[in-house]
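Colleague:
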Amino acid sequence: MTILRFENVWKIYKMGKVDVIALRGVNISIEEGEFVVVLGPSGSGKTTMLNIAGGIDKPTKGKVFFRDMEISSLNEKELTMFRRRHIGYVFQFYNLIPTLTARENVQLSAELVDNPRDVDEVLEVVGLKHRADHLPTEMSGGEQQRIAIARALVKNPDLILCDEPTGNLDFETGKKVLEVMRDINREEGRTFLLVTHNAVIAKMADRVIHFRDGRVMRVEENPEPMEPEELSW
Amino acid sequence: MKTLFIKALRDLKAQKWQFLAVSFLVFLGIALFSGLYSSYLNIEATYKKFYAQTNFEDIGVEFNPAPIDLLKKVKAIPGVKAVVGRLTAYATMEIEGREIQLKLVSIPEKNSKVDSIYLVEGVYPKRNEVLILKKFADLNGISVGEVIHVRVNGKTYNLRISGTAYSPEYVLIAERRNILTSPKDFGIIFVPYRLMERITGLKGKITEVHLTVYYKDRIDEILNEVKKIFEPYGLKNFYKREDQPSYKLLRMDLEGFRHMALTFPSLLLFIAVLAIYILLSRIVMEQIGIIAVLRALGYSKRSVVIHYLMYSILIGFIGTSAGIIAGYYISAGMTSAYVDVLNLPYYVSKIYPNVLLSSILAGFLTPIIAGIFTAKRVAEIEPAIAMRGYTVKYRVIRFERYLARFSILTRLAIKNVFRNPKRTLYTLFGVAMGVVLIATSMAFIDSVDEMLHIQFEKIQTFDYKVECSNLMAVKSLKDVREAYPIIETWILIERNGLTKSSNLIGLPSNQDLYNIYDLNGKRHFPPPEGIILPKYIAENLSIAKGETIEAFTKLGRVKLKVYDIIPQPLMPVCYANLKELERLGFRPNEVIVKGGNENELKKFGTVVSMKRLRRVTEEMMSMMYDFFVFSVLFGASLAFAEIFNTTTINILERKREIATLRMLGYTVKEIAVSLFIETFLIGAFGLIIGFPMALMTLQGFKMTYKSEIFNMPFVMYPRTYVITTVIIIVTLAISLVPGIRYIAKMEIDKVTKEFTG
Chain B
1 MTILRFENVW
11 KIYKMGKVDV
21 IALRGVNISI
31 EEGEFVVVLG
41 PSGSGKTTML
51 NIAGGIDKPT
61 KGKVFFRDME
71 ISSLNEKELT
81 MFRRRHIGYV
91 FQFYNLIPTL
101 TARENVQLSA
111 ELVDNPRDVD
121 EVLEVVGLKH
131 RADHLPTEMS
141 GGEQQRIAIA
151 RALVKNPDLI
161 LCDEPTGNLD
171 FETGKKVLEV
181 MRDINREEGR
191 TFLLVTHNAV
201 IAKMADRVIH
211 FRDGRVMRVE
221 ENPEPMEPEE
231 LSW
Chain X
234 MKTLFIKALR
244 DLKAQKWQFL
254 AVSFLVFLGI
264 ALFSGLYSSY
274 LNIEATYKKF
284 YAQTNFEDIG
294 VEFNPAPIDL
304 LKKVKAIPGV
314 KAVVGRLTAY
324 ATMEIEGREI
334 QLKLVSIPEK
344 NSKVDSIYLV
354 EGVYPKRNEV
364 LILKKFADLN
374 GISVGEVIHV
384 RVNGKTYNLR
394 ISGTAYSPEY
404 VLIAERRNIL
414 TSPKDFGIIF
424 VPYRLMERIT
434 GLKGKITEVH
444 LTVYYKDRID
454 EILNEVKKIF
464 EPYGLKNFYK
474 REDQPSYKLL
484 RMDLEGFRHM
494 ALTFPSLLLF
504 IAVLAIYILL
514 SRIVMEQIGI
524 IAVLRALGYS
534 KRSVVIHYLM
544 YSILIGFIGT
554 SAGIIAGYYI
564 SAGMTSAYVD
574 VLNLPYYVSK
584 IYPNVLLSSI
594 LAGFLTPIIA
604 GIFTAKRVAE
614 IEPAIAMRGY
624 TVKYRVIRFE
634 RYLARFSILT
644 RLAIKNVFRN
654 PKRTLYTLFG
664 VAMGVVLIAT
674 SMAFIDSVDE
684 MLHIQFEKIQ
694 TFDYKVECSN
704 LMAVKSLKDV
714 REAYPIIETW
724 ILIERNGLTK
734 SSNLIGLPSN
744 QDLYNIYDLN
754 GKRHFPPPEG
764 IILPKYIAEN
774 LSIAKGETIE
784 AFTKLGRVKL
794 KVYDIIPQPL
804 MPVCYANLKE
814 LERLGFRPNE
824 VIVKGGNENE
834 LKKFGTVVSM
844 KRLRRVTEEM
854 MSMMYDFFVF
864 SVLFGASLAF
874 AEIFNTTTIN
884 ILERKREIAT
894 LRMLGYTVKE
904 IAVSLFIETF
914 LIGAFGLIIG
924 FPMALMTLQG
934 FKMTYKSEIF
944 NMPFVMYPRT
954 YVITTVIIIV
964 TLAISLVPGI
974 RYIAKMEIDK
984 VTKEFTG
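Chains B and X are the protein sequences, given in the same order.
Anchor point for the first sequence: position 3 equals 3 in the working numbering, and the numbering is continuous, going up by one each time.
Numbers in the working numbering are just positions in the second sequence, counted from 1, shifted up by 233.
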């Protein structure tokens, strides 16, 4: 079943007198339970696509569907509710609240929904229950990113959007974060849409969408995705 | 939302000094408002209670001796509730070598139903006994049972003190012939009428009548009836309760107090709004990334806005609750200190729900107003920022060629001034407000000094004023260097039913001991004809220069031309040429003397020593002086909180940039110097615009801060400019300390890698 569908989506930014076209008629669809990687160089439009998918940006033209709901026509308030109920975010710079502990950062997200997952259980999933009472400044980058994943996961989201989640991590730590994501995808059947410019990561995806100049250049099926442990870059 | 609340608390903890600084501003505003305004209400409640308890008069009329039987006529006027007739006389007594001025006031055999005596200790007097004003007795160590020796018209009377008392007529002593009196050097003695008849030699006579009425709306009518009864004997003064000298002086003083209780805290809370806005907008700038994340997670705009308003509410809570508690103690202390200089037996001190409510409202509204402006910015932050990051755009002004001779850090400091105009403007404004607060408070002290300087070093330069007409005898004394005759008499000016009483001074033209100066320090000379009128009388009675006015004097009704109208500093009086007054029939009754010996001069009559008068005046001004010193300290602490806040935030928000400088190899000291140059440059601009702003504020005070006994010249001495500048520069330097300490301790590697938003 399709969880996300882009139909001829355009995004044009006005930069003073100049129009910058970030997306040029993008058509994609993501199936429930898939692990999809969007691959492309900087400025290719992949983050714009991710923002529109998550309802934090709106297309200039075209339609975006989440299951049967057209999210491109939702207003500000409805988009907030949409994000709250269906979307989990993982950012490149983790974006944890520095004054809150790991547990509190996850709680911050849990408080938004009616039936969140147990905070400690989610911390267990990312392997950091023992670090629950530490502040972000007391953790490594990898640990912070795993807390960010727990924060996304605790809401029980249907779709987890990740923007360069390993972009700020070293190779070993990056792999560990990807392992956590892969496990959640396999064990819980959650859909992941991961944006990166690192071609190696694409090897672990079920499907890879190649972006360039705001367009989908090609989509590759990956019949035998690699395990994150096997990756190297 | 519980976790967001925890975040707010943690943020507060992380920036506790900045939050404390702005909470301190709210605290000061609320403490001062609730403290001063409650004191004002306490004092008002105190004297209202006392006036009600002692049946304070509605009408008073003073006249030349008239038969006591006329009281029956007064009582018969419809609407009159109670009447008391009085005989009064001025006297002197000596205490430890000091000559003390006294006013003897007759009281009936039984306590009267108008202006009743409030007995504090002892008993109501019989025959040769008298009552004495409690505060005067205490200050001079006079106790009940003691016999005092009072001199009246050259005769000495031995009077036994039967008790101490207070009177509603003398809550503040306001005597026309000596407006500024100190409670220690001017005493009121209450003498039984029969004894007073003997002392004054005015058997069966009265010189004053005081009454209460049933209907306040008929008060003018009743006053006219009373005036008609005594006019044939020569009216000296008449007034309704609101013009009763003591009451009026008290009201004027209280009005000034009320004005102060409202203006100072308002100014403060206004500054607090700006300071809180600066702090909160900095926090928002710093947390743009976090806000975006919260929005991306699914927090609504409303909940994020409420989260940031929470800071305002917390600031309001801390500032207001501490302010109200401090305000209560300020109010109790202030009321007690204020009443201490008044002749009142007790004071009322309570909590006023309205003041409490206004304090809570003002205390919370101040940070919330600032918070709302910030919240607007929060609402505008897009969640997509969390994905793409946020960079603050800075303006770079290209004037490298002008700066070439400076070191790179100095260049950086200069460029930073122009980099973020909004931030520079905030700091500039913060410094300017600090200047306004300190300089204005100090200018109050300058103004009191200037007022005393004009009065005692320009206007009255003589050493003694002797009540006598024998000029030649005074002149012949060994140490007397100069002596001139003057006329000093009372005058009551009437215009359209309104009256103003004052002193009329006749001065010879050929002398420099008693000069006429206006508030601005300009000298005037005894007019060839007519009189020079004080500005407050002219304004109150709508009299213009050149008009002819009608006045009551001891010679009866006279017509006088208004030669000029001038504002005068202390104790404003009417001036005329000695010859002009002599032409009208007045005779010189005083001699002003330079040099001379007080004891020898006393042989001729009562002597007023200018040295003593200045001391008394300074004592009277001392409470005001204390208040201004308090204002300077307060202004300085406020300026410190304000500048500290702006400056530390300026540093903290650039921590990454500063860390980079350190990474490059710059020492903490070098960076500190650069920051000081930047802060000092902004501070210098702040001083430049702050002083004109302070002068404008002073002008505002000038419009409102004046009374019938003094008129502030409002000047700013050079010392104020120097001291204010020094305080501001030191404050700026101290404000840099926390930031510099932070720089010294910062973990450079971590800071440089932090996500900016």
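Think of the CB as a built atom: it goes at the ideal place given N, C-alpha and C, for glycine as much as any other residue.
These figures come from a predicted structure and were not determined experimentally.
Could you give the DSSP three-state label for Ile960(X): helix, strand or coil?
Modeller: Ile960(X) falls in the helix class under three-state DSSP.
Colleague: Give the straight-line distance between the Cα atoms of Ile455(X) and Ser415(X), rounded to the nearest whole angstrom.
Modeller: Answer to the nearest angstrom: the Cα atoms are 34 Å apart.
Colleague: Taking the CB atoms as reference points, tell me whether Gly45(B) and Ala22(B) lie closer together than 8 Å.
Modeller: Cβ atoms of Gly45(B) and Ala22(B): closer than 8 Å.
Colleague: Give the DSSP-derived three-state secondary structure of Asp19(B) in the structure shown.
Modeller: DSSP places Asp19(B) in strand when its eight states are reduced to three.
Colleague: Within 8 Å (strictly less), CB to CB, does Asn95(B) reach chain X?
Modeller: Yes - at least one Cβ of chain X is within 8 Å of the one on Asn95(B).
Colleague: May I have a chain-ordered list of the alpha helix (DSSP H) segments no shorter than 4 residues that lie completely inside the region 450-499 of chain X?
Modeller: 452-463, all fully within the region 450-499 of chain X.
Colleague: Enumerate, from N- to C-terminal direction, the unbroken beta strand (DSSP E) stretches of 3 or more residues contained entirely within the region 689-766 of chain X.
Modeller: Runs found: 697-699, 713-728, 731-740.
Colleague: Going along chain B in order, which residues have a C-beta closer than 8 Å to the C-beta of Asp244(X)?
Modeller: Chain B residues near Asp244(X): Thr99.
Colleague: Would Phe988(X) count as contacting chain B if we go by Cβ distances under 8 Å?
Modeller: Note that Phe988(X) has pLDDT 44, beneath the 50 cutoff, so the model's placement of it is unreliable and the number below is only indicative. Closer than 8 Å to some Cβ of chain B, the Cβ of Phe988(X) qualifies, so yes.
Colleague: Measuring alpha carbon to alpha carbon, tell me which residue in Ile184(B), Lys155(B), Val216(B) is nearest Asn8(B).
Modeller: Here the closest residue by C-alpha is Val216(B).
Colleague: Which residues, taken in chain order from the region 24-51 of chain B, show a beta carbon closer than 8 Å to some beta carbon of chain X?
Modeller: Under the 8 Å Cβ criterion, the region 24-51 of chain B contributes Thr47, Leu50, Asn51.
Colleague: Given a limit of 9 Å on CB to CB distance, which residues of the region 54-78 of chain B reach chain X?
Modeller: Within the region 54-78 of chain B, the qualifying residues are Gly54, Gly55, Ile56, Asp57, Glu76, Lys77.
Colleague: For His443(X) and Tyr472(X), what's the separation of their Cα atoms in angstroms?
Modeller: When rounded, the distance between both Cα atoms is 10 Å.
Colleague: Is the shortest distance between the beta-carbon of Arg207(B) and the beta-carbons of chain X less than 8 Å?
Modeller: Not closer than 8 Å to any Cβ of chain X, the Cβ of Arg207(B) fails to qualify, so no.
Colleague: Which residues in chain X have a C-beta closer than 8 Å to the C-beta of Thr80(B)? List them in chain order.
Modeller: By Cβ distance, chain X contributes Arg528, Gly531, Tyr532, Ser533, Lys534.
Colleague: How about Gln144(B): is its C-beta nearer than 8 Å to some C-beta of chain X?
Modeller: Gln144(B) does not count as touching chain X.
Colleague: Relative to the alpha-carbon of Leu352(X), which residue among Lys368(X), Asn361(X), Arg360(X) has its alpha-carbon at the smallest distance?
Modeller: The candidate whose alpha carbon is nearest that of Leu352(X) is Lys368(X).
Colleague: I want to know whether the region 344-359 of chain X touches the region 324-334 of chain X - three or more CB-CB distances under 8 Å.
Modeller: No: fewer than three Cβ pairs fall under 8 Å.
Colleague: At 7 Å on the CB atoms, spell out the chain X contacts of Tyr89(B), in chain order.
Modeller: Result: Ala529, Leu530.
Colleague: May I have the straight-line CA-CA distance separating Val970(X) from Ser775(X), to the nearest angstrom?
Modeller: Roughly 58 Å separates the two Cα atoms.
Colleague: Just the C-alpha distance for Val840(X) and Lys691(X), rounded to the nearest angstrom, thanks.
Modeller: Answer to the nearest angstrom: the Cα atoms are 20 Å apart.
Colleague: Indicate whether at least one CB of chain X lies closer than 8 Å to the CB of Ser109(B).
Modeller: Interface residue, yes.
Colleague: By how many angstroms is the C-alpha of Phe651(X) removed from the C-alpha of Phe695(X)?
Modeller: Whole-angstrom Cα-Cα distance: 59 Å.
Colleague: Name the chain B residues that come within less than 9 Å of Lys240(X), Cβ to Cβ?
Modeller: Residues of chain B passing the Cβ test: Ile97, Thr99, Leu100, Glu104, Leu108.
Colleague: Between which two residues does the beta strand (DSSP E) carrying His382(X) extend?
Modeller: First-last of the beta strand (DSSP E) with His382(X): 380-385.
Colleague: Looking only at its own chain, which residues have a Cβ that is under 7 Å from the Cβ of Val713(X), when we skip the five neighbours before and after it?
Modeller: Once the five neighbours on either side are set aside, the close Cβ partners of Val713(X) are Val707, Val826, Gly828, Gly829.
Colleague: Buried or exposed: where does Phe863(X) fall if 16 or more other Cβ atoms within 10 Å of its Cβ makes it buried?
Modeller: It counts as exposed.
Colleague: Cβ of Leu193(B) less than 8 Å from any chain X Cβ?
Modeller: Not an interface residue.
Colleague: Please report the straight-line C-alpha distance between Lys11(B) and Ile52(B), rounded to a whole angstrom.
Modeller: Cα to Cα, Lys11(B) sits roughly 9 Å from Ile52(B).
Colleague: Quick check: the Cα distance between Leu428(X) and Thr440(X), rounded to an integer number of angstroms?
Modeller: If you take the alpha carbons of Leu428(X) and Thr440(X), they lie about 15 Å apart.
Colleague: For chain B, is any of its Cβ atoms less than 8 Å away from the one on Leu237(X)?
Modeller: For Leu237(X), the answer is yes, since a Cβ of chain B falls inside 8 Å of its Cβ.
Colleague: Can you pull the chain X residues whose beta carbon is under 8 Å from the beta carbon of Leu169(B), in chain order?
Modeller: Going along chain X, no residue has its Cβ under 8 Å from Leu169(B), so there is no contact; the nearest lies around 12 Å.
Colleague: Tell me, please, whether the CB atom of Leu112(B) is closer than 8 Å to any CB atom in chain X?
Modeller: Output row for Leu112(B): interface = yes.
Colleague: Output, in chain order, the set of chain B residues within a Cβ distance shorter than 7 Å of Gly522(X).
Modeller: The answer, in chain order, is Asn95.
Colleague: Let's test the definition: count the other Cβ atoms within 10 Å of the Cβ of Tyr13(B) and tell me whether it reaches 16, buried, or not, exposed.
Modeller: Exposed: under 16 other Cβ atoms inside 10 Å.
Colleague: Is the CB of Ile516(X) under 8 Å away from at least one CB in chain B?
Modeller: Output row for Ile516(X): interface = no.
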